[in-house]
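One structure is given here, and the rest of the page talks about it.
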Amino acid sequence: MIRKIKKILVANRGEIAVRIIRTCKELGIETVAVFSETDRTALHVRMADEAVALGGIKSAESYLSSEKLLAAAKRTNADAIHPGYGFLSENATFAEKVQNAGLVFIGPDPESIRLMGDKTTARKLLSGSRVPLAPGTTDSVSDVNEAKKIAAGIGFPVLVKASAGGGGKGMRIVHDPADFEQAMTASQNEAQNAFGDSRVYIEKYLEGPRHIEFQILADSHGEVVHLFERECSIQRRHQKVVEEAPSSVLTPALREEMGLAATEVARSCKYKGAGTVEFLLDRHNRFYFLEMNTRLQVEHPVTELITGLDLVREQIRIAEGEPLGFSQSDLKPYGHAIECRVYAEDPMNQFLPDTGKVHLHRIPSGPGIRVDSGIVDGMEVSVHFDPMISKLITWDVNRERAIARMRRALEEYSVSGVQTTLPFCQFVMNHPAFISGKFDTHFISDFFRPDLLMLSDSALISSLATGALNAVHWYERESDALKVQSRSTPEFSSAGVWKIRRK
Amino acid sequence: MIRKIKKILVANRGEIAVRIIRTCKELGIETVAVFSETDRTALHVRMADEAVALGGIKSAESYLSSEKLLAAAKRTNADAIHPGYGFLSENATFAEKVQNAGLVFIGPDPESIRLMGDKTTARKLLSGSRVPLAPGTTDSVSDVNEAKKIAAGIGFPVLVKASAGGGGKGMRIVHDPADFEQAMTASQNEAQNAFGDSRVYIEKYLEGPRHIEFQILADSHGEVVHLFERECSIQRRHQKVVEEAPSSVLTPALREEMGLAATEVARSCKYKGAGTVEFLLDRHNRFYFLEMNTRLQVEHPVTELITGLDLVREQIRIAEGEPLGFSQSDLKPYGHAIECRVYAEDPMNQFLPDTGKVHLHRIPSGPGIRVDSGIVDGMEVSVHFDPMISKLITWDVNRERAIARMRRALEEYSVSGVQTTLPFCQFVMNHPAFISGKFDTHFISDFFRPDLLMLSDSALISSLATGALNAVHWYERESDALKVQSRSTPEFSSAGVWKIRRK
Amino acid sequence: MKYTVSLNGQEFNLRVTGFLEIQTDSGARQTIDLVPLDANRYSAIIGTKSYVFELFTENGEKFLVYKNHTLPLLIEDEHDRLVSHMKQVNKDHPTGADVKSPMPGLISRILVSEGEIVKKGQAVLVLEAMKMENEVKSPLAGQVSRIAVSEKQNVEKNDFLLRIG
Amino acid sequence: MKYTVSLNGQEFNLRVTGFLEIQTDSGARQTIDLVPLDANRYSAIIGTKSYVFELFTENGEKFLVYKNHTLPLLIEDEHDRLVSHMKQVNKDHPTGADVKSPMPGLISRILVSEGEIVKKGQAVLVLEAMKMENEVKSPLAGQVSRIAVSEKQNVEKNDFLLRIG
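Chains as they are written, first to last, in the working numbering: chain A, 1070 to 1572; chain B, 1070 to 1572; chain C, 13 to 177; chain D, 13 to 177.
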């Protein structure tokens, strides 16, 4: 049964809310944005046809409140809700409430979310199948002594992972049995905070694995296809920073084998919509099922660029009950795409989140560039939400050129007011290991040191020093527009920030 | 012989200079920008590795001065010059001077430019070939009475066209013999101003033709390919505003036939590099050679988007002496691309150029969008240069979706300070004739009236009126940042621009 | 405070009854969630509808820009209204018009002379700007009463060129 | 005017000798074509080389940003130099350090107590921010002399947390 969607409430914020609104506009579907108190002037609110205030500052009072979201949908007569990623996107109870309210939930059925959302349930479900699993528990563990015994049985190093988790949150690697207890407690706390569920489980930690994931699409008529892989091995704090498609290590045979496994995972939970099956690939090209994310992924644009498909469009069509209209044999990867995530974080200082006002946000453009961003000049990056402010994606006919294009784009990208991961991404794009394709999830610990972000060209530094002195000596305080401002406070601090006066 | 290029001087300004610099950066080639007095802070100057002041305000004193350009190339040790489009790009003498100075001219040989640059010479050259020509003179005419006789012989309506011309400059349509003399004088004057050459010729004016052009690439080893067509029929003042690829009217057979004719034109003048062969296509699908442009075309991005090629990269490789490395059979169009040109012109007032400071320039982004622009916030659009400030290009798997994407992108695009062709492009993208593909070069006279740009939704207007009143009543003059400014002068005019005071 | 707002030719009688609160002629009250953005842009949420618009003035005329559509805007309070009404009465019988330069440029040719009778839409002079020759046309039929420029003269946008009638 | 400019750890002795003209220690004079852009950005052309950089200050420290690289910047005239030299002398024997909050967040756990001896790099407290638990580490070995915060307390960026030594 086809049920045409006329108005979608986007239960999210930032770049992904903007991303969804863009596709809705192209489809002629009306959009409703929702916003917390601090997001009144955010881009998604400006772009949507309608906007409803949720109140509150923290996520729990706004974007995580299913009551407020459903009330907003009712008030605006929306007939569907798109959850984006994060927040309530993988919350089966929310999906159920949406359906019970007579609305379309743009995503899989609550049961599929439940099966895959609980990592231990998913492991149990697949343990009989041909999909390979990493050694570990198929149940969650709560007793620390029992957990320690299991860990010893698997053999250190092990991973303590949140059963309800995903995205690296609540995950801890333990190399030494002595650190196990503290790691498990931290993992449980983080899991409780992030997912409201402190259950954890233990899994074998693979040394030097690559993180390879497959995008899948499944319609409500039983058609399941994969849209090839994404390589997501460049991570900090177990969270992805750089992704690409295709992976530089997959042979066509391995791609087919893993793709088949990915569609099998989707079929096992009667999946519907866009989802991602994550694998770890070890040094011997053996792969292991890691988890399935039952939602749109942050890094979905690289897949869009090598397939020409709009995944949000496909999600909406599938939710309407439309058949996919194509099968696996119609799909062929076209060129190469890379994504760099721009986080408001300081790569010079352990990637700690930075906050403050973005004075200036100038995005690169020209051939083969895509920017998905939720930021505008003057917007505040607060402590309450994810520090990712933008995604920069490049495409070209092959990997070498896509990297060259990314280097060019990163150099053009300008963010003023907060520290970002842009210089780190520049480091990655220039690093021989990344260029050669020979790297794994330990890229940062293997190759990165903050001092490598510093400039070393002394002639350049000398010229910049001359420039800086003249700027300060001649232009400082000349007018309001020119005065040197503090990065964190836009107002000029009169207390002699610069000691030099104009001649 | 391969001669690797290390540093390119870009003898141009605006979006095309920026466009060229971007590809050079991706290729690891150093760039030199040049600038007139008013272009000191322009984007191309900021982006290039080096920048040399040419002095002067008008084109003749700056971007048209071959002496200054060659001196700048010498000073910076550039080994090649890219002319972009316009200015000296189709000036054979300049190309010769560049070559005589021992530099690589990134474009065809001076002889090819000469042959194709003079439209009458080109017509003579092809008159013996299989390439069909529109009826008209193969020589230029200077005597107005003789010209009038020729026109009468061909039969009105006729076109008076500049021999040295291109891009619609110096062109006049004459329907009535009584208007012929004034049209010819105007054409001669405009030709003299634009090209320094007042010669004109007469050609039959085709009723309701479509403007279809083929992109060609030719290397120095004899390989010539075409990269399919571009449909450029939406024009105002004989200059293109909207272009797309592929055309919605070409059958595969006609595409092959016209493509073959295009490569034949290129072969006839021993062409090397990227060039464009323009045709008129009449209502009976008969096509006629119009002219060959021996340079990169403004609308080249639509071809890049359906082929995956970077035409500037191909130009540079060909200039280095590299073979193309692919042949016609390797090429296949992929999806559909549309370009909208953003001119600083007022579509409400006969597309007259508008000037002033661009207060704010916010480009659209997200999937399938490309913006090639030379504008930054605060930049002055002056009377001295071409009013085109930006190009917006969209891609999607088919024409219908590419149009939907363009509509979305146009709505996102925001330029404040000058009137632009953005609302006109919105009109085109929503017009049934454009959507159906059934339109010709008379689209504007057939379908466009300025009042069609006005909004007609009274509920919307009522809401905006409420918004405007509140904005003026409550926020006007509250702070410097909020005060209502004049569009042409950024400073607040204190002489009661708004009469309403805050309560 | 009572206002007449004319936007895109539509007229609205509105009364400001409280902070960001408006009362229409029909007596309905409406609150609007309005915040200023940058460059004279505002974000308005009325009911649940979201709008972004820009305000600007040029030559004393006010405009509102919404999704690239530029709409003429006139906001008058009771006093303004009275004054403009009186002006309007005098303007009901226009007898002539000033022709102003639509853009900066060079007067390349003047096609009429003082005293000449011109038709509406007839080209009166040629202005060269941005490498193009642009014909400036008479907005109405009448007699050329004054020519204020000469050939080869540079003019700025809105400079007075000539008068018809 | 004579200055010492330290950028990215490199030191330059420069004298301003005229408008946008600099003389280096070696006596070479150099003119620079420098224009301000927006948001504290400048465009500089030195010789033929073109640079765009941004200047900003944070907590009284100055920085220059070039192509996303943030370089520490210190500009001192002769007087500044003397003062900072004297300060430096006193700083040569550091005996302790203030640990400040690297970002706004919530103190979720304090891992040490006053009087405790800590190693360099040892975690001293856990700060929860942006849904992550972040360990704050001691910058040097020493004794915890003061703890200024308590568990479940919200802190702002750069708030004083505790003192070592």
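For glycine and all other residues, C-beta sits at the position ideal for the given N, C-alpha and C.
Flagged as an interface residue toward chain B: Q42 of chain C, by a C-beta distance shorter than 8 Å. Here the alpha carbons of E1084 of chain B and S1131 of chain B stand approximately 17 Å from one another. Taking a cut-off of 8 Å for Cβ pairs, the segment 1142–1159 of chain A and the segment 1353–1365 of chain A touch, as three or more such pairs fall below it. Taking all protein chains in view, the Cβ of N146 of chain C is crowded by 16 or more other Cβ atoms within 10 Å, so the residue is classified as buried. Fewer than three beta-carbon pairs drawn from the segment 1433–1449 of chain B and the segment 1498–1508 of chain B are found closer than 8 Å, and the two stretches are therefore not classed as touching.
Secondary structure at A1534 of chain A: helix, using DSSP grouped into helix, strand and coil. Contact note: L49 of chain D reaches chain B through T1110, using a C-beta cutoff of 7 Å and chain order.
Using a CB distance cut-off of 8 Å, S150 of chain C does not count as an interface residue toward chain A. Counting only residues of its own chain and dropping the five nearest sequence neighbours on each side, T1207 of chain B has a CB closer than 7 Å to the CB of T1189, R1192, K1193 and S1196. Partner residues in a beta bridge of E1373 of chain A, as assigned by DSSP, do not exist. In this structure, the beta-carbon distance from I1462 of chain B to V1371 of chain B falls below 8 Å. Its Cα nearest to that of G1447 of chain A, the residue A:V1427 stands out among A:G1437, A:V1427, A:I1458 and A:T1510. Interface criterion not met: the Cβ of H1307 of chain B is under 8 Å from no Cβ in chain C.
Looking only at C:Y78, C:N80, C:F68 and C:K79, the smallest Cα-Cα distance to L86 of chain C is reached by C:F68. Residues of the same chain with a CB within less than 6 Å of the CB of V1167 of chain A, apart from the 5 flanking positions on each side, are I1150 and F1174 in chain order. By the CB criterion at 8 Å, C1409 of chain A and V1346 of chain A fall outside the cutoff.
Chain B places no beta carbon closer than 8 Å to that of P1315 of chain A, leaving this residue out of the contacts. Contact annotation for T60 of chain D against chain B: V1101, E1119, A1120, V1121, R1144 and T1145 [CB-CB distance below 8 Å, chain order]. In the structure shown, H1405 of chain A adopts extended strand secondary structure according to DSSP, grouped into three states.
DSSP lists B:A1287 as the beta-bridge partner residues of V1293 of chain B. Between the segment 1474–1490 of chain A and the segment 69–85 of chain D, the count of C-beta pairs closer than 8 Å reaches three or more; the two stretches touch. For K1094 of chain B, the closest Cβ of chain A is nearer than 8 Å. Counted as a single uninterrupted DSSP element, the alpha helix (DSSP H) harbouring R1183 of chain B occupies residues P1179 to G1186. With a contact defined as Cβ atoms closer than 8 Å, G1342 of chain B and Q1384 of chain B qualify at about 6 Å. Taking a beta-carbon distance threshold of 8 Å, A1537 of chain A counts as an interface residue toward chain D. Judged by DSSP secondary structure, I1219 of chain A falls within the alpha helix (DSSP H) whose first and last residues are V1213 to I1223. Under the Cβ distance rule, R1431 of chain B does not count among the residues neighbouring chain D, no pair being separated by less than 8 Å. Minimum Cα-Cα distance from T1376 of chain B among the listed residues A:W1464, A:Y1357, A:I1126 and A:A1247 corresponds to A:W1464.
In the three-state reduction of the DSSP assignment, Q1257 of chain A falls in the helix class. Contact check between the segment 121–141 of chain D and the segment 153–171 of chain D: three or more CB pairs, one atom from each, fall below 8 Å, which counts as touching.
For a Cβ distance threshold of 7 Å, residue set V1452 of chain A lies close to G117 of chain D, ordered along the chain. Straight through space, the alpha carbons of N1467 of chain A and C1093 of chain B are spaced by roughly 17 Å. Under the 8 Å Cβ criterion, the segment 1218–1234 of chain A counts as touching the segment 1267–1276 of chain A, having at least three qualifying pairs. Around H1280 of chain A, the same chain offers C1301, S1302 and T1510 as residues with beta carbons nearer than 6 Å, after the five sequence neighbours per side are excluded.
In the three-state DSSP reduction, D1465 of chain B falls in the strand class (E or B). Burial is judged here by how many other beta carbons sit within 10 angstroms of a residue's own beta carbon; D1455 of chain A has at least 16 and is buried.
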